[in-house]
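> Protein chains in written order, with the UniProt record's numbering: chain A, 1 to 332; chain B, 1 to 507.
If you scroll down you'll find the structure; I have some questions about it.
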Ligand SMILES: [Fe+2]
Ligand SMILES: [Fe+2]
């Protein structure tokens, strides 16, 4: 059969879907990202107002104050559709599995100084709850966001945050010799430890935000933008002095993930800020408000772990984040 | 170093720590503000910890299994495209079945992605939340892999190119769209009942077997591969559906009447929407798998019967009007195909009359109804075609306010009489195709009175204009290309040219 096909004229009538062609400006072959994302969300002629919130349609631009002429400007620089996303994460996690095996074989966790080991239970393991909060915000953005470009990337992020919470849980279980005891201890810290109450309040406050874009700024830009470098950079460096090399290895996923995730977050913020002065002002005010709250909330945590070094570490992460936000077009 | 205090955990305990163990009772914000939507429906949950996880998949395992499936699927899709797989299908008429799928079903997969994200955020129990999140990811997968599978067909056949635009506008696509809009605008427990239970558990085989076996029988390797690849996702979705129903019924006796009402509603809504699949199965597949009636007997009467017998220990009974739906299984495909034949000028896929051989098959499969009620009509239309007087219905049909299908269904017990029902609400009269659809309206009139009914909208001048040409333009449907009979269509001309070229080469 292959012979006749070659000699036959099987010219395509078109190279992509019409709505994709309109976006590309011509009927050119389109990528799987473009075909899988563009215009997939219904935009009009909805039938019924939601019983759970009749002030909007279930897909409604009005669920944020940010205004865009086109919600597909939020193209994902990683070009993730489901297939490329799951394959990328499966590959990343293979390394994580190898790292856990490596640590177990060498019993590296046993090299950690006992006081620092306790510190890990107090600063690192409670982050599994922080990640769960981030997972909830990501779901919320996927639920109430507008356009597939945002909602697909958001549900991928929700999966990421659950995955990270589970890596942290594994670290806690390993440290606890295969039991969940240290997870209980860490949860007690999250619930009642004075070092964590500011952060827990920030997270809970973000969970009741009505504007999904504010949740995106609060969680992905600001809270993550301060927490990640503080924990996985400053505190991790301090841990090296206490024999905690194993922790750096086991947390490699988070470091790599965060660098990748920030590319998407930065692209979204940049595009939204560039769209209009109104957006820029809105994003900037959300940014400042959440940065101040989060910065304050992190002080007792940083002090508990870094002692005298806390202020300079926090000042550094704040400065870095301000620089980043400035580059994204926010007014500080 | 603290010595180990307890023994190592089993898998169930470990999974619980990895999921619901992450959750906490908020105190800086009220739980009711963090979870504002899971109480208004009246479903009483006294103890979320009683939730049994229907499957235990950590994210790393999810990425691994799903990533592997995606690798394999895209390898097949790539080779299908490279080898011009579209030439291997049974007949180009088959492609119309996947036009219906892409325009009618794929956008619903996307809606499912969104609303499972809603449940994944808003259900108070962390166990079901995780399951819902994975389903949100899966449903996005289904939407995107369907687009990528069908992308190749779009390059060679008409009717696919404008699928999202059409989904939001075209008259018959408002049937599936309003079905899903209805579910997504309901509360979270109704959505679970509608989609996870009624649709994914009770009725899913009636959607997937026709399309996926239809693809297999008709040489559509790409769609078959997609279907197989989605099967293990569906298995997870089904276990979630049954777990949710049992959980609600076990949690509080007051839940039973609410759940029963939802089961009745969503069974009937599903039955009406699946009428489109029935027509596809009996009329649009050049190589048939089984009749709709046979599928209904196997997947609803037998499998559904056993299921509801099992659920009777919770007090749940067989959905209301199940007997009527079973009676309609002998009629619905013929009636629907007749509607599309008459309105082919406004359909986004091609129509045709069954051949002699196909009519013989229909007579055999529908001994009680086809020869008596439907063959005469098709034969009359065939004669008209032969005389050059192909029948077009130019009067816009009245639509059922609930299911939005043109009122072409007959009375239970009398297949010669079209059924009409109506009711009054706030001074206006609303019309229905059946008692089932009327009941649904009367239970939630304020909701169903809002429906965006395509025919009303055309009359009100909201669809591009008053005549067919205007409406087609507004639909982005190209007249003479996307619509009308298969015979004489560009799809057919191209297919025939391919066949002729093949013969020539083969000598
Ligand atoms: Fe699906
Ligand atoms: Fe109806």
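Here a beta-carbon is modelled for each residue, glycine too, at the ideal position from N, C-alpha and C.
Return yes when the C-beta of residue 402 (chain B) is under 7 Å from any heavy atom of ligand 2, and no when it is not.
Answer for residue 402 (chain B): yes, Cβ within range of ligand 2.
> When you compare the CB of residue 474 (chain B) with every CB in chain A, is at least one pair closer than 8 Å?
No, its Cβ sits nowhere closer than 8 Å to a Cβ of chain A.
> Determine contact between the segment 43-60 of chain A and the segment 93-101 of chain A, defined as no fewer than three beta-carbon pairs at a distance below 8 Å.
Judged by Cβ distances under 8 Å, the segment 43-60 of chain A makes no contact with the segment 93-101 of chain A, as fewer than three pairs qualify.
> Give the single residue among B:434, B:218, B:407 and B:230 whose Cα lies nearest to the Cα of residue 87 (chain B).
Selected option, being the one with the closest Cα: B:218.
> Confirm, please, whether the CB-CB distance from residue 252 (chain A) to residue 99 (chain A) is below 8 Å.
Their beta carbons are under 8 Å apart, which means residue 99 (chain A) touches residue 252 (chain A) by this criterion.
> I'd like to know if residue 67 (chain A) contacts chain B, where contact means its C-beta is closer than 8 Å to some C-beta of that chain.
Judged by the 8 Å Cβ criterion, residue 67 (chain A) is not in contact with chain B.
> What does residue 484 (chain B) touch in chain A if you count any residue whose Cβ is under 7 Å from its own?
Residues of chain A passing the Cβ test: none, with the nearest at roughly 17 Å.
> Provide the residue span of the alpha helix (DSSP H) that contains residue 155 (chain A), from first to last.
148-175 is the span of the alpha helix (DSSP H), which, as asked, contains residue 155 (chain A).
> Tell me the rounded alpha-carbon separation between residue 106 (chain B) and residue 142 (chain B).
Looking at the two C-alpha atoms, the distance is approximately 8 Å.
> Enumerated in chain order, which unbroken segments of the alpha helix (DSSP H) with a length of 4 residues or greater are wholly contained in the segment 104-133 of chain B?
Taking only runs of at least 4 residues, the alpha helix (DSSP H) segments lying wholly in the segment 104-133 of chain B are 106-122.
> Where does residue 155 (chain B) land, buried or exposed, given buried means 16+ other C-beta within 10 angstroms?
Burial call: buried.
> Quick test of your reading: residue 204 (chain A) and residue 28 (chain B), contact by CB under 8 Å. State the CB separation rounded to the nearest angstrom.
Confirmed, about 4 Å.
> When Cβ atoms are compared, which residues of the segment 18-35 of chain B fall closer than 7 Å to chain A?
Residues passing the 7 Å Cβ filter: 18, 21, 22, 23, 24, 26, 28, 29, 33 and 34.
> Based on Cα-Cα distance, which residue from B:420, B:144 and B:422 lies nearest to residue 148 (chain A)?
When each option's Cα is compared against that of residue 148 (chain A), the closest is B:144.
> Please classify residue 489 (chain B) as buried or exposed, where buried requires at least 16 other C-beta atoms within 10 Å of its C-beta.
Buried, by the Cβ-count rule.
> Where does residue 40 (chain B) sit, in a helix, a strand or coil, going by DSSP?
Note: residue 40 (chain B) maps to coil in three-state DSSP.
> Pull up the DSSP beta-bridge partners for residue 431 (chain B), would you.
Beta-bridge pairing links residue 431 (chain B) to B:422.
> Can the beta-carbon of residue 313 (chain A) be found closer than 8 Å to that of residue 221 (chain A)?
Against a cut-off of 8 Å, the Cβ pair of residue 221 (chain A) and residue 313 (chain A) comes out as no contact.
> Got a sec: is the Cβ-Cβ distance from residue 121 (chain B) to anything in chain A below 8 Å?
Interface residue, yes.
> By alpha-carbon positions, which one of B:112, B:241 and B:34 ends up nearest to residue 42 (chain A)?
Ranking B:112, B:241 and B:34 by Cα distance to residue 42 (chain A) puts B:112 first.
> Does the Cβ of residue 339 (chain B) have 16 or more other Cβ atoms within 10 Å, making it buried, or fewer, making it exposed?
Residue 339 (chain B) is buried by the Cβ-count criterion.
> Nearest by alpha-carbon distance to residue 70 (chain A): which of A:50, A:84, A:46 and A:39 is it?
Per the Cα distances, A:39.
> Have a look at residue 82 (chain B) and residue 440 (chain B) and give me their C-alpha separation to the nearest angstrom.
When rounded, the distance between both Cα atoms is 49 Å.
> Closer than 7 Å: is that where the CB of residue 112 (chain B) sits relative to any heavy atom of ligand 1?
Yes, the beta carbon of residue 112 (chain B) sits closer than 7 Å to at least one heavy atom of ligand 1.
> List, in order along the chain, the chain A residues whose C-beta lies closer than 7 Å to that of residue 140 (chain B)?
Within chain A, the residues near residue 140 (chain B) are 82, 152 and 155.
> Using a Cβ-Cβ cutoff of less than 8 Å, which residues in the same chain neighbour residue 238 (chain A) once the five nearest sequence positions on both sides are dropped?
Only 305, 306 and 309 meet the Cβ criterion.
> Between residue 282 (chain B) and the rest of its own chain, which residues show a CB-CB distance below 8 Å, the 5 nearest in sequence each way excluded?
For residue 282 (chain B), where only same-chain residues beyond five positions count, the Cβ hits under 8 Å are 288, 291, 292, 333, 334, 337, 362 and 365.
> Output needed for residue 103 (chain A): all residues of its chain with C-beta closer than 8 Å, excluding positions within five of it in sequence on either side, in chain order.
The answer, listed in chain order, is 109, 174, 246, 249 and 250.
> What ranges does the alpha helix (DSSP H) occupy inside the segment 451-486 of chain B, keeping only unbroken runs of at least 4 residues that lie completely in it?
Those alpha helix (DSSP H) runs which fall completely within the segment 451-486 of chain B and span 4+ residues are 454-459 and 468-475.
> Whole angstroms is fine: what's the gap from residue 475 (chain B)'s alpha carbon to residue 164 (chain B)'s?
In a straight line, the C-alpha of residue 475 (chain B) is about 10 Å away from that of residue 164 (chain B).
> When you measure from the CB of residue 174 (chain B) to every non-hydrogen atom of ligand 2, does any distance come out below 7 Å?
No, since every heavy atom of ligand 2 falls outside the 7 Å radius drawn around the Cβ of residue 174 (chain B).
> Count the C-beta pairs between the segment 312-331 of chain B and the segment 244-263 of chain B that are closer than 8 Å, then say yes if the count reaches three, no if not.
Judged by Cβ distances under 8 Å, the segment 312-331 of chain B makes contact with the segment 244-263 of chain B, as three or more pairs qualify.
> Give the straight-line distance between the Cα atoms of residue 81 (chain A) and residue 268 (chain A), rounded to the nearest whole angstrom.
Residue 81 (chain A) and residue 268 (chain A): Cα-Cα distance of roughly 16 Å.
> Give the residues of chain A in contact with residue 516 (chain B), contact being defined as C-beta atoms less than 7 Å apart.
Residue 516 (chain B) lies beyond the stretch modelled for chain B, which goes from 1 to 507, so this question has no answer here.
> So, residue 138 (chain A) versus residue 158 (chain A), is the Cβ gap smaller than 8 Å?
Yes, they are a contact pair.
> Tell me, to the nearest whole angstrom, how far the beta carbon of residue 221 (chain B) is from that of residue 85 (chain B); I am working on the premise that it is less than 8 Å.
That belief holds up - the Cβ atoms of residue 221 (chain B) and residue 85 (chain B) are roughly 6 Å apart, short of 8 Å.
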